[in-house]
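Student: Quick one: the structure is below, questions incoming.
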Amino acid sequence: MEYEPVIGLEVHAELLTQSKVFCACSTKFGAPPNQHTCPVCLGMPGSLPVLNRRVVEFAIRAGLATGCQIARYSRWARKNYFYPDLPKGYQISQYELPLCLGGAVEIEVDGASKRVRLTRIHMEEDTGKNIHDAHGDASLVDFNRCGVPLLEIVSEPDIRSAQEASAYLRKLRIILQYLEICDGNMEEGSFRCDANVSIRPLGAATLGTKVEIKNMNSFRAVERAVDYEIKRQREVLDGGGRLVQETRLWDPDREVTRSMRTKEFADDYRYFPEPDLLPLEVSDDWVAEVRRTLPELPDTRRQRFVREFGLPQYDAEVLTQRKDVSDYYEAAVRQYRNPKALSNWIMGDLLRLIRERKLDTALVIHDWPVAPERLAAMVELIDSGEISGKIAKAVFDEMVATGKTAVQIVSEQGLTQISDEGTILAAIEQVIAANADKVAQYRAGKDKLFGFFVGQVMKATQGKANPQKLSELLRAKLDA
Amino acid sequence: MDLTTLTIDEAAALLARRQISSIELTSAVMDRIRSSEAWVHSFITVTEEVALERARAADERRARGEAGVLLGIPVGIKDVILTKGIRTTAGSKILGQFIAPYNATVTERLLQAGAVCVGKTNCDEFAMGSSTENSGFMITRNPWDLERVPGGSSGGSASAVAARQCLGTLGTDTGGSIRQPAACCGVVGIKPTYGRVSRYGVVAYASSLDQVGPMANNVAGCAHLLAAIAGHDPRDSTSVNRCVPDYAAQLDAGIKGLRVGIPREYFVEGMQPEVEKAVRAAVSTLEKLGAQVSEVSLPHTDYAVPTYYVIATAEASSNLARYDGIKYGLRQDAESLLTMYQRTRATGFGSEVKRRIMLGTYVLSAGYYDAYYLKAQKVRTLIRRDFADVFATQDVIVTPTAPTTAFRIGEKTSDPLQMYLSDIFTISINLAGLPGISLPCGFDAQGLPIGLQIVGRPFEEETVLRAAYAYEQATEWHERRVSGF
Amino acid sequence: MALSREVVRHIAVLARLDLDEQEEAAITDQLDHILQYFEKLAALDTENVTPTAHVVEMTEAFREDVVLNPAAPEELRSNAPARDGDFFKVPKIIE
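Chains as they are written, first to last, in our numbering: chain A, 939 to 1418; chain B, 957 to 1441; chain C, 115 to 209.
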């Protein structure tokens, strides 16, 4: 029996506002326990929520970037359940009338484009954190994270493989990063994903039994978990068994999904409209304003790099994969316009160095080994003939090591390329005179020796001879 | 002169003329509390030290040239309203040792005005009840007859004023909890329009219905207190940004031409005949004062009680979920988290609260939401429309506050539904979010006070107060005092 | 449609209330009685009526995105029944 996997993903993204969604406490990560709390986010008696306008603005950005319909009126709702990290005993979320509906995310898998539709995007508040105490017989609760604004982004079950799932998540994450509303850090929990996985006979219209998978803390984990689950479900059905609608946790150590301890008490969330918050009105003017100030999205930027800078698709893709890298590229090209050369230097030497130094593990690279303007200035030196491409490699390394500019280094070390024909000819004649036997062999047909002569002339000129000029003049002399 | 018999205006005048000091006034009130509490039990917490400190501070402020009608006036605050650094229990054992870490906005405003808080008044647990018998701490007795209830849920606030233990109090009203005890205790109490007064720092019972309001021994006293606490609060999203009039300024403008509607549905079988008689007499008085009286209809009155109890209990079940023994309050330790929750809440909450939590949880639960909660919200719209229709041709609506005078302690505790039905005249006003006042309009054969309710359009507290004042000044009910202790 | 003990038990679990035999029996009776009274509402035609979620005729008020609260004072934790330093302590949570 051929099965088709049907996957939907639910992402919770922490928003980069200064303060929490319903109170004026800081959202900054890493404070000592329970420092960023107040009566509101602690759920003290008598406390009331007041909505942070910027949260709505960020949600509108996300909705516009994914082509959603922004609801003119949306409502807040209470989701009621008991858990220590939920101080009020309910979470303020949106239920029947969310802010954004519809929309889609375009992904590319194996060169093919696919459109993953979104069901909805809504706003809600995050919960606190529970940790096990040292002795293991109690849990400790920290409410710093409680009340941090979240966007919940729900996709339609349009995804058909683990690869597509991963591509969707990467794309969604980069969109949120470009929008500057979320830093997309899965390992630290600012970008979380749950998957709903089911399988059905190929061609069937109805959906199979849905299983929710939680606890996937990286893109790899999502791919592995989804793959495992699809396989598990196939085996169950092929073996004549039936699938149970349940929640399973991904176990990264054993690389399997495990059924959660049967929830003895299936929660009924008893959603009802939040009486402490009034209906949210988002006017056409507000949407227009957000649209006007929307940061450029990754796809748009990629296309612009191709169009405006004449870059190949591949280059544009690599350069726009990270917002900080594409910002770097733009700054460099603005300084000196050789788009292809800069692209090569960045994709090659710069990114290699970034990876070696593990600078790319940061969500945003701040300390570039070489500032973009300086890299551009160096390329300008190459183009003007001041230095050769080969020398530039050495200059680049020196710029990284010392922090000096290319001009400084070239001048201090006397690296200026020798393009004066007279000087080169003199060096060539010196080499020819010193290697009469090899010259004879070359003239007799051993073409390969050309490289030897080039090397010798370079040595004689401390590597500074202009390679093209050298080549021309050498050939002229040897073939004479 | 017995300083405890002063009205807020009288006390303010004496204070302004330096004939008395706030320390003297507050001390007199403290003495009165000491000598009467054994009978009445209005207070869960008496804050003598803090009160005397504040009285001293008020005298100092006055010496520096400050003025203001509430400066140095002793008041009581219902124990569902947070007072920083002072135990705030909401009438519940689950908050029996809770020291409020912040002030409610209304508390802040009273402090700014220089009022002196003498204590936290007793109430039904989490404001759920109509007799204050549901308090987790003690039973408050009606000063007019100690075997009877003071009404509820703001029973302690009403009895404290009636027993002259302070010159004014703050209560809260969700289904009648200021007006009905005011009627039972022969004092004046007003529930403002929903959104007029901030709910920040007020222990929530039913969020879409709760309002804080003042009680005093006359209409002017209520007006002064209301002016101090009303107004927009950025910490309460449901509070309305509308300017606060000087409520006491136009009280005596009279009611010539005021159109008064008397809803026929509020004169029902089962009402105490003396209540009906007193209210009808009051209506005649209004007419003599120049009002134009007509009979009107509020056709959905009969559906108000079930509508209220579906909505209020639903919201309450959610609002009380935070009492879980983790951040504050009582905790019953247990091995497992689940048991800890269950035992903490079972031990900490009284039976009426448990009943309402169960009811509220039920009407919101899967499969029942549409039939109960959603339905009740729709009926609420119909009830609001009833009032809007009447207010198209009437300026105020006048009714009895309660169907009977104060009942005996223990009389209605065996049948919860019976207790719920005693709210029948006040409840619709909360559902519609309207302002409503109760003031005395007579006494029955047993000497128990009868309350008259006047209801107005949203944000027309001035009209309601003006009508109440006109009636009050044309009668002598407000001069009758409790005696015997 | 009488209210069953099973339903009451289930509701008690949802509400995290531990009811003993007696309480459970009493509450079942009382709730049944009250719910029957609520049936009154079913008689009303509310076909085209919009539900009232709020009586205030306004839309949402906002705060600006500014951090106002300084580090939380000790008072916010001092009412906690069980603590471990600045953490709130609870019986072990099992996933």
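Beta carbons: idealized from backbone N, C-alpha and C, even for Gly.
Bear in mind the structure is a predicted one, so any value in this text is a computation, not a measurement.
1) For the alpha helix (DSSP H) that contains tryptophan 1306(A), what are its first and last residues?
2) For valine 1338(A), which of Gln973(A), Leu1291(A), Val1345(A) has the nearest alpha-carbon?
3) In chain order, which continuous runs of the beta strand (DSSP E) of length 3 or greater are located wholly inside the segment 1144-1182 of chain B?
4) Mind checking which residues open and close the alpha helix (DSSP H) that includes phenylalanine 1388(A)?
5) Please state whether DSSP places threonine 1357(B) in a helix, a strand or coil.
6) Cutting at 6 Å between CB atoms, please list the residues of its own chain near arginine 936(A), excluding the five before and the five after it.
7) When DSSP builds the beta bridges, which residues end up paired with leucine 1088(A)?
8) For leucine 986(A), go through chain B and note every residue whose CB falls closer than 7 Å to its CB, in chain order.
9) Which residues does DSSP list as the beta-bridge partners of serine 1093(A)?
10) Go through the segment 947-1028 of chain A residue by residue and report every complete run of the alpha helix (DSSP H) that reaches 4 residues or more, in order.
11) At least one CB of chain B closer than 8 Å to the CB of arginine 130(C): is that the case?
12) Would glycine 1213(B) and threonine 1269(B) qualify as a contact pair, given that the criterion is a beta-carbon distance under 8 Å?
13) Mind pulling the chain C residues with CB within less than 9 Å of proline 1139(A)?
14) Glutamate 1034(A): which of Ala1315(A), Arg1016(A), Asn1123(A) sits nearest, CA to CA?
15) Could you check whether isoleucine 1383(B) and glutamine 1409(B) sit closer than 8 Å to each other, using their CB atoms as the reference points?
16) Do lysine 1081(A) and cysteine 1006(A) have their C-beta atoms closer together than 8 Å?
17) For valine 170(C) and cysteine 963(A), I'd like the C-alpha separation in whole angstroms.
18) Contact defined as beta carbons within less than 8 Å: I believe threonine 160(C) pairs with lysine 1334(B). What is the distance between those atoms, to the nearest angstrom?
19) Please list, in chain order, all residues of the same chain as tyrosine 1150(B) whose beta carbon is under 7 Å from its beta carbon, the five residues on each side excluded.
20) Can you tell me the Cα-Cα spacing of phenylalanine 1129(A) and leucine 1117(A), whole angstroms?
21) Checking the sheet assignment: what are the DSSP bridge partners for valine 1252(B)?
22) Give me the Cα-Cα distance between threonine 1431(B) and aspartate 1258(B), rounded to the nearest whole angstrom.
23) Using the beta-carbon of each residue, which ones in chain F are nearer than 8 Å to glutamine 1029(A)?
24) Quick one: what does DSSP say serine 1409(A) is sitting in, helix, strand or coil?
25) Is histidine 974(A) close to chain C? Criterion is C-beta to C-beta, closer than 8 Å.
26) Please name the residues in the segment 173-194 of chain C whose beta-carbon is closer than 8 Å to at least one beta-carbon of chain A, in chain order.
27) On a Cα-Cα basis, can you pick out the residue from Asp132(C), Phe176(C), Lys203(C) that is closest to asparagine 972(A)?
28) List the endpoints of the continuous beta strand (DSSP E) containing lysine 1034(B).
29) Given that arginine 991(A) touches chain C, what residues does it touch there, using C-beta distances under 9 Å?
30) Unbroken beta strand (DSSP E) runs of length 3 or more, entirely within the segment 1372-1423 of chain B: which are they?
31) Output yes if chain A places a C-beta closer than 8 Å to the C-beta of phenylalanine 152(C); else output no.
32) Assign glutamate 1016(B) to buried or exposed, taking buried as 16 or more other Cβ atoms, counted over all protein chains shown, within 10 Å of its Cβ.
33) Apart from the five residues on each side of it in sequence, which residues of its chain come closer than 7 Å, Cβ to Cβ, to tyrosine 1207(A)?
34) Going by Cα to Cα distance, which pick from Val1244(A), Asp1023(A), Arg1260(A) is closest to leucine 1110(A)?
35) Between arginine 1312(B) and the rest of its own chain, which residues show a CB-CB distance below 6 Å, the 5 nearest in sequence each way excluded?
36) Take phenylalanine 1388(A) and list the residues in its own chain whose beta-carbon comes closer than 8 Å to its own, dropping the five residues that flank it on each side.
Tutor: In terms of the structure at hand:
1) Per DSSP, tryptophan 1306(A) belongs to no alpha helix (DSSP H) and is neither H nor E.
2) Leu1291(A)
3) 1144-1147, 1167-1172
4) 1387-1398
5) coil
6) This structure cannot settle anything about residue 936(A), because the visible part of chain A is limited to 939 through 1418.
7) Glu952(A), Glu1062(A)
8) Arg1155, Tyr1156, Arg1191, Asp1192, Ser1193
9) Leu1056(A)
10) 991-1003
11) yes
12) no
13) Under the 9 Å cutoff, chain C gives no residues; its nearest Cβ is about 34 Å from proline 1139(A).
14) Arg1016(A)
15) no
16) Checking the sequence, you will find phenylalanine at residue 1081(A) rather than lysine. Their beta carbons are not under 8 Å apart, which means phenylalanine 1081(A) does not touch cysteine 1006(A) by this criterion.
17) 27 Å
18) 4 Å
19) Gln1167, Gly1389
20) 14 Å
21) Pro1219(B)
22) 32 Å
23) Among the chains of the structure shown, chain F does not appear; the protein chains present are A, B and C.
24) helix
25) yes
26) Thr173, Glu174, Ala175, Phe176, Arg177, Glu178, Asp179, Val180, Val181, Leu182, Asn183, Ala185, Ala186, Leu190, Arg191
27) Lys203(C)
28) 1030-1034
29) Phe176, Arg177, Glu178, Asp179
30) 1392-1399, 1405-1412
31) no
32) exposed
33) Lys1017, Asn1018, Tyr1019
34) Arg1260(A)
35) Met1084, Thr1269, Ala1272
36) Tyr1380, Leu1412, Arg1413, Leu1416
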